[in-house]
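Structure, as structure tokens:
Protein chains: 2
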Amino acid sequence: MSTRSKFDSKLADLKAKLLEMESLAETAVRDSLSALINHDIEKANTVIDGDDKIDALEHEIHDKALLLIARESPVAKDLRTLNVALKVSSEVERMADMAVNIAKAAIHIGQEKHFKEIRDIPKMMDQALEMVGMSVKAYIDEDVMLAQKCAEKDDEVDNMFGKLVHELISMVPENPNATNQIIQLSFVCRFIERIADHSTNIAENVIYLVTGKRFELNE
Amino acid sequence: MSTRSKFDSKLADLKAKLLEMESLAETAVRDSLSALINHDIEKANTVIDGDDKIDALEHEIHDKALLLIARESPVAKDLRTLNVALKVSSEVERMADMAVNIAKAAIHIGQEKHFKEIRDIPKMMDQALEMVGMSVKAYIDEDVMLAQKCAEKDDEVDNMFGKLVHELISMVPENPNATNQIIQLSFVCRFIERIADHSTNIAENVIYLVTGKRFELNE
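Encoded structure:
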């Protein structure tokens, strides 16, 4: 194999690992919210325990990318591609941490009956996970347009977050016994908003990868 | 200059940048809480605006470390040192993000009179910032003992966090009009607890740097 195709094949391996990691993180996020909604403590614990595997994948991607940089001394776009692989894996790892946080909130709430039906939080999570899918696809395909579209959706999630937390807080006076639950749910909203932020960060990195310039897509 | 001393001098430059970044992040964290305590919206905005400089430093450290890896093809401990420089700068950048979050909470609370004196949150922050100082010093000096001591303190901060949020929640029924403020303060406690977590992550990286093995110091 030529040096070029060896490099490309190692890069393809890294991208495959990233996709595997992203898929695990996405499942963890979905499972954490389902654990919360269904008072499923066992599932919450599975999410928490599963985080080690995602952390290990991040370390693996990180180490392999640095070894590849050290051995092949890539320049320009090849170096940026590996640079961005490091960033993307770190953002995905942070998304998985949010799943762990949501799972911990589910455990905190435990078997306590929900003071109202949890309907809007899953909608917000769907939006955030759509952004995750878009941003990672944008990275794999080096698609700047898709990265931009992803970042634009962040405002929607921010608005949903603001509205939801405001609503939750306004319910405290009528539900003083549910204060702990309401605070936990506010935290959960915040964790989901963070997942959307991580996607925006990935989108920014895609633009850097393709153009060589750094942009802040969403302040 | 020999290749070795060139490498060492570039590494020393990187470490100096990291210390500069850490000092800015620490100031941002202190200023954000002081903005909250003193209803100082101008200071809160200064913290938010100052984050760009910290982000830029992280990019600079990241790019320089990768270039150094690509050009010098370091192995073993030299490669780990650069690997960990990347990780440390990323953790410090995330600490600075917590300062921005606290500053935003200060703006949310605005001129609203505090429903009680804010006394325990600064104590928790002092603990977290002590950990920050310890972890970064441990990295610079490659001091495993100090890294371990830092990680041990994380439990204290976690306990303070749990206790403080519990106290805050329990005050809601008697202070229904302060619910928004109480939620904001709970978020602030969480941001401070995250700062301590980032220090623990730095401490883990110091142990990896020195020993070549990855440990989870605090789950």
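Protein sequence lines correspond, in order, to chains A and B. Mapping of the first sequence onto my numbering: residues 1 to 219, in sequence order. Mapping of the second sequence onto my numbering: residues 1001 to 1219, in sequence order. Glycine included, every Cβ here is placed at the ideal spot set by N, Cα and C.
Any C-beta of chain A under 7 Å from that of B:T1200: no
Status (buried if at least 16 other CB within 10 Å, exposed otherwise) for A:H114: exposed
Segments assigned beta strand (DSSP E), at least 3 residues, entirely inside the region 102 to 165 of chain A: none
Nearest neighbour of B:G1050, chosen from B:H1166, B:V1100, B:R1194 [CA to CA]: B:V1100
Which listed residue (A:E167, A:K17, A:V172) has its alpha carbon closest to that of A:S89: A:K17
B:L1067, DSSP secondary structure in three states: helix
Contacting residues, own chain, Cβ-Cβ under 7 Å from A:L209 (five flanking each side not counted): R80, T81, V84, E142
Cα-Cα separation between A:E112 and A:A35, rounded to whole angstroms: 13 Å
Proximal residues to A:K213 (C-beta, below 8 Å), its chain only, five neighbours per side dropped: I207
Alpha-carbon spacing of A:M98 relative to B:R1004, whole angstroms: 42 Å
Alpha-carbon spacing of A:R30 relative to B:A1028, whole angstroms: 34 Å
Cutoff 7 Å: B:A1076 Cβ touching any chain A Cβ: no
Own chain partners of B:A1044 with C-beta closer than 6 Å, once the 5 adjacent residues on each side are dropped: A1035, A1103, A1106, I1107
Collapsed DSSP secondary structure at B:K1006 in the structure displayed: helix
Any chain B beta carbon closer than 7 Å to A:V172: yes
Distance, A:S32 Cα to A:R119 Cα: 15 Å
Proximity test, Cβ basis, 7 Å: A:N83 and chain B: yes
Proximal chain A residues relative to B:N1180, where beta-carbon distance stays under 7 Å: I169
N-terminal and C-terminal residue of the alpha helix (DSSP H) that B:N1180 is part of: 1179 to 1211
DSSP-derived helix/strand/coil call for A:E219: With a pLDDT of only 48 at A:E219, under the threshold of 50, the placement of this residue in the model should not be trusted; the figure read from the coordinates follows. DSSP places A:E219 in coil when its eight states are reduced to three.
Contact set between the region 1150 to 1169 of chain B and chain A, restricted to residues whose Cβ is under 9 Å from the partner: V1165, H1166, L1168, I1169
Entirely enclosed alpha helix (DSSP H) segments - the region 1029 to 1098 of chain B, minimum 4 residues: 1041 to 1072
Euclidean distance between Cα positions of B:K1116 and B:I1192: 19 Å
Reference B:V1165; option with closest CA among B:A1147, B:V1144, B:I1121: B:I1121
Whether B:R1179 touches A:I169 by CB criterion (7 Å): In the sequence as displayed, the identity of residue 1179 of chain B is Thr instead of Arg. Yes.
Three-state class that DSSP yields for B:V1171 in the structure shown: It should be noted that the sequence gives Met, not Val, for residue 1171 of chain B. Coil, per DSSP.
Within-7 Å CB hit, B:I1107 to chain A: no
Which of helix, strand or coil DSSP assigns to A:A21: Per the sequence shown, residue 21 of chain A should be read as Met rather than Ala. Looking at A:M21 - three-state DSSP - the assignment turns out to be helix.
Under 8 Å from the C-beta of A:H59: neighbouring residues of chain B: R1214
CB contact check: B:I1183 to chain A, cutoff 7 Å: yes
Inter-residue Cα distance where the pair is B:K1064 and B:I1048: 26 Å
CA nearest to the CA of B:L1011, picked from B:D1197, B:M1131, B:Y1139: B:Y1139
Distance between beta carbons of A:E72 and A:F161, contact taken as under 8 Å: Incorrect: roughly 42 Å between the Cβ atoms, too far for contact.
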